[in-house]
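This report refers to the structure that appears directly beneath it.
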Amino acid sequence: MTPQETVERALALSKADGCVVLTTERSEANLRWAGNTLTTNGTMRSRQVAVISTIGGAAGVVQRSAVSPDDLEALVRASEQAARDAGPSEDAAALVEPGGNPGSWDEPAAETSIGTLGEVAAGLGSTFERAAAESRLLFGFAEHALETWYVGTSTGVRLRHVQPTGKIDINGKSPDYARSAWVGQSTRDFADVDVAALDAELTRRLGWADRTVDLPAGRYETLLPPSAVADLAIYMYWASFAARGADEGRTVFARSGGGNRVGDRLATLPITLRSDPAAPGLECEPFLTATRSEEGTLSVFDNGLPIGPVDWIKDGVLTTLARTRAYGAKTGTQAVPMVDNLIMESPDGAGSTDDLIARTERGLLLTCVWYVRMVDPQTLLMTGLTRDGVYLVEGGEVTGAVNNFRFNESPVDLLGRISEVGATTRGLAREFGDYFTRTAMPTLRIADFNMSTVSQAS
Amino acid sequence: MRRLADAALDRARELGAAHADFRLERIRGQDLTLRDGRVDSTREGEDVGFAVRVVHDGTWGFAAGVDLTPEAAVTVAEQAVEVAKVSRPVNSEPIELADEPVYGDVTWVSSYGTNPFEVPDADKIGLLAEWSERLLAADGVNHVQATVLQVLENKFYADLAGTVTTQQRVRLHPEIEATAVDRSRGTFESMRTCAPPVGRGWEYLVGDTWDWAGELAQIPEWLAEKAKAPSVDPGRYDLVVDPSNLWLTIHESIGHATELDRALGYEAAYAGTSFATYDMLGSLKYGSPVMTVTGDRTVEHGLSTIGYDDDGVQTQSWDLIKDGTLVGYQLDRRMARLKGLGRSNGCAFADSPGHIPVQRMANVSLQPAPGGPSLDDLIGGVERGIYVIGDKSWSIDMQRYNFQFTGQRFFRIENGKLAGQLRDVAYQATTTDFWGSMEAVGGPDTFVLHGAFNCGKAQPGQVAAVSHGAPPALFRGVNILNTVREGGR
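Shown next as structure tokens:
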């Protein structure tokens with residue numbers, strides 16, 4: 087049974103007011119290595135069918151893998167029963183109507199294989215040999231996944247989307263583990279991945295650690311490269327860009343006395359934070375798929391809703407917050423779905439990380455951040471740590487590696503303390519790169535970054 | 030199942046695999062979320078699939094599939110061998126596994142009463158709605174979120190050596206959170222239940238295992254008090270830490286730090302390594318002499334509890350830290366053989382049929398002191414300090430050393446008595462300083478098993494459920510931060 091047949095048969099079985107059928111076909115391949123040798127690896131296939139029944143303003147979602155034609159009716163009935171048990175939903179809305187060209191609906195699911203990583207494996211082989219000869223240890227992971235979604239609704243929507251997602255990250259260490267550096271890259275097909283070049287950058291960074299400097303906790307001028315900026319921006323995006331939460335007074339974007347802070351200036355520099363499903367190299371799903379409703383930003387009733395470009399922050403000013411169609415209707419606004427990519431840029435942004443280093447009299451250069459968690463939602467205060475490379479910059483040059491730190495900072499406050507913006511480049515978030523690979527960020531110069539305590543970890 | 034397993038294992042053997050295992054899983058889950066007493070989201074899912082893992086020419090190969098036919102099982106076995114062949118040129122460490130007895134055909138079922146998937150959704154929603162209404166009816170509560178996560182897990186495992194296991198377990202994680210909003214001041218505060226996630230059935234929500242009525246009745250008062258509480262003065266304080274908070278500190282600073290794969294560098298690129306390196310086994314002073322910590326995959330109702338792990342190893346309990354000294358690690362068969370440690374202690378786990386088993390956490394617990402003090406006795410021994418209850422924010426570095434935690438409630442202790450709540454509190458320490466400052470642990474009556482549903486590790490990322498038991502414990506001179514001042518306000 088093809089995914090398209092599954093969708094059509096399930097819709098035909100439906101007795102609900104409305105029905106959405108979402109099938110997902112996923113294939114992935116990965117390689118993992120540690121200490122200059124491969125450790126685990128594999129290829130996986132999975133298939134999911136979700137049926138969402140809507141009855142009297144309620145929704146029931148039941149999702150199964152390994153669904154055969156004989157299983158379909160039970161699946162549809164289970165979702166109808168779930169809807170009857172649930173009672174009316176706050177995010178209830180009429181199902182999305184079809185619009186535009188269904189495009190590739192009739193095509194089969196895309197599939198990757200271990201062969202996609204063949205060049206990477208070959209590159210790793212020679213890189214491991216070189217690393218061993220030069221007393222470096224390499225650890226890392228490469229993964230490629232192809233996911234194909236088919237969405238059909240009882241209102242006639244038929245949409246298909248193929249999402250390629252790939253990434254590689256490599257951690258280099260000295261044999262005593264005292265020196266450590268990291269590089270990461272997102273990719274759609276691995277054609278643009280050069281393992282030797284990634285290793286060369288690691289080697290450069292490990293070389294910076296030939297000299298080590300102990301610095302105490304305190305506030306430092308700090309350069310955040312695209313990876314670190316991505317992790318902080320992703321968390322801010324997830325945690326605080328819900329319109330309903332802000333309107334209800336429950337997020338950092340709530341306004342004292344009522345309402346939200348849309349229209350407030352957050353950054354003195356003309357920073358823009360935006361998403362665009364068509365952004366070159368960062369292409370992501372152009373319509374909404376949801377198997378759960380969440381926080382007034384995601385609704386199962388909105389499946390198939392077109393997703394377009396959106397400016398979250400424009401020229402330093404908070405421009406909009408995410409909302410479902412139902413919450414939009416309730417507040418007299420348009421739906422704003424969240425998008426699976428994120429871009430930060432400034433018209434004044436110029437220069438690579440190296441260029442910003444060259445313009446630094448004295449400051450810290452972070453490589454990436456780790457274990458970022460929210461401490462206080464009122465201010466969006468977050469804590470986290472530096473890892474795999476913090477460097478001292480003096481007189482426009484990196485002069486040594488510094489101990490790691492724990493930081494306590496709010497990304498919203500940081501927006502107001504950006505003193506220089508570099509050019510925007512694609513980068514891979516270190517911590518959240520598992521879930522959110524499609525980012526393009528600049529290197530940022532931040533005044534008085536709060537390094538709360540020293541971390542002895544290396 | 031057996032036809033698929035036989036087909037896959039026979040094919041792996043024909044292709045020259047030295048080891049092969051077949052795992053078929055069905056994982057059924059349901060998430061229910063109510064917002065202000067109305068359903069916000071319900072989702073029920075079932076993931077069925079199988080995996081074949083081989084050691085071929087000294088190299089791992091893994092593949093997973095979803096078509097439940099012998100033909101597909103053969104194909105997946107061939108893919109697993111192919112993956113091993115592609116990987117062989119970049120593998121310089123031949124894979125060997127620790128010996129384990131063969132278990133012919135064994136079954137194991139966890140300890141629970143009512144399968145939550147046999148309870149009508151309407152009844153579950155009705156219970157959560159009634160609890161939500163109780164909180165919403167209280168003064169000062171503006172919003173309530175009620176969630177319950179439910180999992181029914183079935184695993185079938187077979188390997189070339191002849192072990193065949195069939196297992197089933199159930200787990201639940203209920204959580205109710207109340208939020209108070211002061212629109213005029215532009216502030217808000219929230220507080221949630223401290224009821225732990227458990228390896229129990231639906232009886233956990235309707236029986237007397239946890240005092241739901243008592244906790245729900247108290248939350249509005251605690252929340253109102255916290256909203257008006259004074260902001261803490263940063264500095265050093267004695268802490269009495271409740272099991273509802275200490276479990277997470279144990280998880281982060283002991284549980285992950287005593288995973289041998291981390292200590293040996295196999296997680297270095299992602300989850301990180303461990304300060305508790307292998308050369309320090311038997312000598313590292315992890316904490317004070319009152320500190321004894323066990324790893325245990327057998328404790329009743331534990332989230333990590335099971336009969337046989339995903340390497341086909343019968344599960345066990347053992348010491349990780351004895352009288353303050355590191356004496357053991359968590360192992361799978363690969364890690365056990367790598368260091369010549371004899372038998373694995375049963376910590377291999379994969380979170381889905383699509384993932385390769387990795388070394389994951391046992392239920393890691395701080396042991397109470399026989400005849401040890403009560404909670405009141407511990408608080409009574411503090412002149413100026415803080416009593417910490419419930420978990421909230423957590424973060425620790427990649428060697429499991431520098432950590433920072435907050436909590437649900439912080440009560441001042443003055444002259445051995447509780448003296449109202451504080452707010453904006455975080456405690457920050459290094460692992461060995463913190464556990465070295467532990468002066469006393471409570472007695473067996475104070476021991477409570479808490480835990481988490483969502484511990485993350487490995488690449489591709491996997492989640493695991495794990496319990497951590499602890500008594501309340503007394504720590505001297507711990508660094509307390511004021512989180513508002515940390516934010517520069």
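Protein chains in written order, with this note's numbering: chain A, 87 to 544; chain B, 30 to 518. Glycine included, each C-beta is placed from N, C-alpha and C at the ideal position.
Contiguous alpha helix (DSSP H) assignments of at least 4 residues, all confined to the segment 120 to 200 of chain B: 150 to 165
The beta strand (DSSP E) spanning K446 of chain B covers which residue range? K446 to L451
What's the gap between the Cα of E104 of chain A and the Cα of G242 of chain A? In the sequence as displayed, the identity of residue 104 of chain A is Gly instead of Glu. Rounded to the nearest angstrom, the two C-alpha atoms are 11 Å apart.
Could you name the residues that DSSP lists as bridge partners for H85 of chain B? B:T88
Would you kindly work out how many angstroms separate the C-alpha atoms of G45 of chain B and L99 of chain A, rounded to a whole number? 47 Å
Along chain A, which residues have their Cβ under 9 Å away from the Cβ of R40 of chain B? Correct list: empty, because the minimum Cβ distance to chain A is about 16 Å.
Does the beta-carbon distance from A316 of chain A to M527 of chain A come in below 9 Å? yes
Starting from Q179 of chain B, find everything on chain A with Cβ-Cβ shorter than 8 Å and list it in chain order. Simply none; closest approach about 13 Å.
Below 8 Å on the Cβ atoms is my guess for K83 of chain A versus T358 of chain A; work out the distance and round it to an integer in Å. Residue 83 of chain A is absent from the structure shown; chain A starts at 87 and stops at 544.
Looking at chain B, is there any beta carbon in it that lies within less than 9 Å of the beta carbon of K416 of chain A? no
Give the single residue among B:P382, B:G383, B:G243 and B:R212 whose Cα lies nearest to the Cα of G335 of chain A. B:R212
C-beta neighbour in chain A for H384 of chain B, strict 9 Å: yes
Excluding sequence positions up to five away, which residues of its chain have a Cβ less than 6 Å from the Cβ of A187 of chain B? A34, F51 and V193
Residues in the segment 407 to 439 of chain B with C-beta within 7 Å of chain A's C-beta atoms, listed in sequence order? S422, W423, S424, I425, D426, M427, Q428, Y430, N431, Q433 and T435
So what does DSSP say about I279 of chain B, is it helix, strand or coil? helix
If you draw a straight line from the alpha carbon of E506 of chain A to that of G402 of chain A, how long is it in whole angstroms? 13 Å
Using a Cβ distance threshold of 8 Å, determine whether the segment 193 to 209 of chain B contacts the segment 131 to 146 of chain B, with at least three qualifying pairs required. yes
Compare the C-beta of T278 of chain B against all C-beta atoms of chain A and say whether one is closer than 9 Å. no
Which parts of the segment 92 to 130 of chain A are runs of the alpha helix (DSSP H), unbroken and 4 residues or longer, counting only runs that do not cross its ends? none
Strictly by DSSP, which residues pair up with T511 of chain A? A:M527
So is H85 of chain B in contact with chain A if we call contact Cβ pairs under 9 Å? no
For G383 of chain B and R291 of chain B, what's the separation of their Cα atoms in angstroms? 22 Å
By the DSSP assignment, the beta strand (DSSP E) with F214 of chain A in it spans what residues? It is not in any beta strand (DSSP E) - F214 of chain A instead sits in the alpha helix (DSSP H) that spans G204 to A219.
What residues are listed by DSSP as bridge partners for T358 of chain A? A:E431
Contact set between A93 of chain B and chain A, taken where Cβ atoms lie within less than 8 Å: G128, T129, M130, R131 and S132
Partners in chain A for D60 of chain B, counting only beta-carbon separations shorter than 8 Å: R378
What's the gap between the Cα of R473 of chain A and the Cα of E193 of chain A? 44 Å
Between the segment 422 to 429 of chain A and the segment 444 to 452 of chain A, are three or more C-beta pairs nearer than 8 Å? no
Bridge partners - H247 of chain A, DSSP secondary structure assignment: A:W235
Closer than 8 Å, Cβ to any Cβ of chain B: which residues of the segment 318 to 345 of chain A, in chain order? E334, G335, R336, A340, R341, S342, G343 and G344
So, under 8 Å CB-CB, I205 of chain B and R363 of chain B are touching, yes? Tell me the CB distance rounded to an integer number of Å. Not a contact, Cβ separation roughly 41 Å.
Verify the CB distance criterion: does W119 of chain A have a CB-CB separation below 9 Å to chain B? yes
Identify the continuous alpha helix (DSSP H) that holds Q108 of chain B and give its terminal residues. P99 to S116
Name, going along the chain, the residues of the segment 219 to 248 of chain A whose beta-carbon falls closer than 7 Å to a beta-carbon of chain B. F225, G226, F227 and E229
Short of 6 Å in beta carbon distance, which residues of its chain neighbour V270 of chain B, apart from the five on each side in sequence? Order them along the chain. V417 and A502
Is the distance from the Cβ of N431 of chain B to the Cβ of T375 of chain A below 9 Å? no
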